[in-house]
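Peer 1:
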Amino acid sequence: MTRVLRSVVTGVGGYLPDEIVTNDDLAKVVDTSDEWIVERTGIRTRRRAAPDQAVSDLAVEAAKRALAAAGRTPADIDLIIVATTTPDLTFPATATIVQRKLGAPIGIAFDVQAVCSGFVYALSVADGFVTRGRSRCCLVIGAETMTRLMDWTDRGTCVLFGDGAGAVVLEPQGGEGTIVDRGLLGFALRADGTKQDLLYVDGGPSTNGQVGKLRMQGNQVFRHAVVNISEAVTAAAADAGVEVSSVDWFIPHQANQRILEGVARRLGIDEKKVVTTVGEHANTSAASIPLAMAQAVEDGRIKPGQLLLLEAMGGGLTWGACVLRL
0 MTRVLRSVVT GVGGYLPDEI VTNDDLAKVV DTSDEWIVER TGIRTRRRAA
50 PDQAVSDLAV EAAKRALAAA GRTPADIDLI IVATTTPDLT FPATATIVQR
100 KLGAPIGIAF DVQAVCSGFV YALSVADGFV TRGRSRCCLV IGAETMTRLM
150 DWTDRGTCVL FGDGAGAVVL EPQGGEGTIV DRGLLGFALR ADGTKQDLLY
200 VDGGPSTNGQ VGKLRMQGNQ VFRHAVVNIS EAVTAAAADA GVEVSSVDWF
250 IPHQANQRIL EGVARRLGID EKKVVTTVGE HANTSAASIP LAMAQAVEDG
300 RIKPGQLLLL EAMGGGLTWG ACVLRL
């Protein structure tokens with residue numbers, strides 16, 4: 000077999016802000032109820048960042064935990080990629096702020112913006128650096144303060160989102176070029192800009208100079224999510240050379256319990272293999288996959304050597320999937 004270089008996940012970490020916002024809390028500010036939210040989304044609580052917490056602060060905490068799990072320190076980092084749609088500032092990139100706050104040395108640092116698909120996109124970008132020998136220790140972080148984009152009068156969106164961050168450390172490791180290798184094994188990334196109006200924020204520096212609020216056509220997003228994600232998952236599995244049925248854990252973007260169930264059902268994935276955190280975390284956009292992964296690693300469900308399937312869909316529309324062996 001031909002020896003190849005793989006991007007291997009050597010550490011995972013997650014961070015959630017302290018404040019827990021329940022459905023009953025939201026019912027005090029918008030026309031909704033715990034029963035209404037749970038029935039339609041499966042969400043019961045979400046976290047909200049403190050007023051003085053920037054998204055970089057959440058990212059730094061998740062990064063520290065991932066580095067500790069990998070047995071690395073900030074001094075080892077040579078590449079930081081932050082997937083976020085809620086950056087600290089219009090510029091510089093949040094990744095450079097994370098670099099400074101961690102005390103990491105001069106290296107490469109930039110952001111990836113693909114909304115909820117950002118973490119999967121960022122993994123693919125990082126894989127290019129690691130497998131070509133351009134990075135020896137890479138941090139890939141998904142971090143969001145989605146509550147800052149909410150219109151608190153719109154019960155169709157404000158109940159869906161929360162704040163948080165998750166991170167992984169990627170390091171190069173030799174493999175045999177087969178499906179038994181550890182590391183990132185296959186990807187499928189997609190985008191369809193004609194579907195922008197289904198999920199977007201109505202503001203930006205070059206349009207109206209505003210941050211804007213999140214707008215969504217929920218029913219249309221649901222319809223596209225189940226079909227498109229299923230196709231991308233199948234394509235990523237084919238790229239990796241594995242069968243979807245062979246994965247040990249399915250870690251979807253935590254958008255909505257009904258979407259998670261719909262995709263798993265369409266793909267024939269046993270619900271016992273699905274890592275679900277949407278009930279407690281809500282939709283944390285680019286942070287949702289690494290947060291869910293971190294939780295499942297910490298509680299012992301996910302073990303080294305197991306095959307993982309990741310997927311997400313977000314505004315753009317963008318979507319994608321990744322297969323990796325831990």
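Counted from 1, the sequence shown has number 168 at position 169 by numbering that gives the first Met the number 0; the numbering is strictly sequential. Cβ atoms here follow ideal geometry from the backbone N, Cα and C, with glycine treated the same way. Model, not experiment: these values are computed from the prediction.
According to DSSP, which residues form a beta bridge with P171?
Peer 2: Paired residue(s): S6.
Peer 1: Rounded to whole angstroms, what's the CA-CA distance from D17 to R46? Just pull it up for me.
Peer 2: If I take the Cα positions, the gap works out to 7 Å.
Peer 1: Hey, how far is the Cα of P303 from the Cα of T276?
Peer 2: Spanning the two alpha carbons is a distance of roughly 21 Å.
Peer 1: When DSSP labels each residue in this structure, what does L309 get in the three-state scheme?
Peer 2: Three-state result, L309: strand.
Peer 1: Helix, strand or coil: which one does DSSP assign to W151?
Peer 2: Reduced to three states, the DSSP call for W151 is coil.
Peer 1: From the DSSP output, which residues share a beta bridge with D77?
Peer 2: Beta-bridge pairing links D77 to no other residue.
Peer 1: Name the two residues that bound the continuous alpha helix (DSSP H) containing D56.
Peer 2: V54 to A69 is the span of the alpha helix (DSSP H), which, as asked, contains D56.
Peer 1: By DSSP, does T95 sit in helix, in strand, or in coil?
Peer 2: Three-state result, T95: helix.
Peer 1: Spatial neighbours of T233 within its chain, please: C-beta separation below 7 Å, excluding the five flanking residues on both sides.
Peer 2: Answer for T233: V243, listed in chain order.
Peer 1: Among D247, V226, E260 and A235, which residue has its Cα nearest to the Cα of G185?
Peer 2: When each option's Cα is compared against that of G185, the closest is A235.
Peer 1: Exposed or buried, I105, counting other C-beta atoms within 10 Å across all chains shown (16 or more means buried)?
Peer 2: Exposed is the call here.
Peer 1: Where does A74 land, buried or exposed, given buried means 16+ other C-beta within 10 angstroms?
Peer 2: Its Cβ having fewer than 16 others within 10 Å, A74 is exposed.
Peer 1: How far does the alpha helix (DSSP H) with V226 in it reach, from first residue to last?
Peer 2: That run of the alpha helix (DSSP H) goes G217 to A239.
Peer 1: Taking just the CA atoms, how far does C157 sit from V81?
Peer 2: Going by the C-alpha atoms only, they are around 24 Å apart.
Peer 1: Quick one: residues in its chain with C-beta nearer than 8 Å to the C-beta of D77, no 5 flanking neighbours on either side, listed in chain order?
Peer 2: The answer, listed in chain order, is P104, G106, I107, S134, R135, C136 and C137.
Peer 1: Would you list, in sequence order, the uninterrupted beta strand (DSSP E) runs of no fewer than 3 residues that lie entirely inside the segment 8-32?
Peer 2: List check, beta strand (DSSP E) in window: 18-21.
Peer 1: Apart from the five residues on each side of it in sequence, which residues of its chain come closer than 8 Å, Cβ to Cβ, to M149?
Peer 2: If we look at M149 and ignore the five residues flanking it on each side, its Cβ neighbours are T156, C157, F160, K212 and L213.
Peer 1: Quick one: grab the DSSP three-state call for G343.
Peer 2: Past the boundaries of the shown model lies residue 343; the chain is included only from 0 to 325, so the question cannot be answered.
Peer 1: Which residues bound the beta strand (DSSP E) around L188?
Peer 2: Start and end: G182 to A190.
Peer 1: If you draw a straight line from the C-alpha of L266 to the C-alpha of S229, how long is it?
Peer 2: The straight-line gap from Cα to Cα measures roughly 6 Å.
Peer 1: Less than 8 Å between the CB atoms is what I'm expecting for L169 and V7, so what's the real figure, rounded?
Peer 2: 7 Å between Cβ atoms; contact.
Peer 1: From G12, R131, E143 and V129, pick the residue whose C-alpha is nearest to that of V111; which is it?
Peer 2: Of the listed residues, the one whose Cα sits closest to V111 is E143.
Peer 1: Select from A166, A190, D51 and R39 the residue whose C-alpha is nearest the C-alpha of V59.
Peer 2: The shortest C-alpha separation from V59 is found at A166.
Peer 1: Taking 7 Å as the cut-off, is the beta-carbon of A121 closer than that to any non-hydrogen atom of the ligand ADP?
Peer 2: Among the components of this structure there are no ligands whatsoever, and the ligand ADP is therefore not found.
Peer 1: Distance, Cα to Cα, G208 vs D201?
Peer 2: Each residue's Cα considered, the two are about 10 Å apart.
Peer 1: Please classify N218 as buried or exposed, where buried requires at least 16 neighbouring CB atoms within 10 angstroms.
Peer 2: Result: exposed.
Peer 1: Let me know the secondary structure DSSP gives E36 once reduced to three states.
Peer 2: Note that residue 36 is Ile in the sequence shown here, rather than Glu. Three-state result, I36: helix.
Peer 1: Does DSSP put F128 in a helix, a strand or coil?
Peer 2: Of the three classes helix, strand and coil, the one that applies to F128 here is helix, per DSSP.
Peer 1: Could you tell me whether the Cβ of V296 comes closer than 8 Å to any Cβ of chain C?
Peer 2: Included in the structure is just one protein chain, with no chain C present.
Peer 1: Within the same chain, show all residues whose beta-carbon is closer than 7 Å to that of L122, passing over the 5 residues directly before and after it, in chain order.
Peer 2: Answer for L122: V139, L183 and C321, listed in chain order.
Peer 1: Have a look at A285 and D24 and give me their C-alpha separation to the nearest angstrom.
Peer 2: When rounded, the distance between both Cα atoms is 25 Å.
Peer 1: What are the partner residues of G163, as DSSP defines its beta bridges?
Peer 2: Looking at the DSSP assignment, G163 forms a beta bridge with E143.
Peer 1: Per DSSP, which one or two residues make a beta bridge with Y199?
Peer 2: Bridge partners of Y199: R214.
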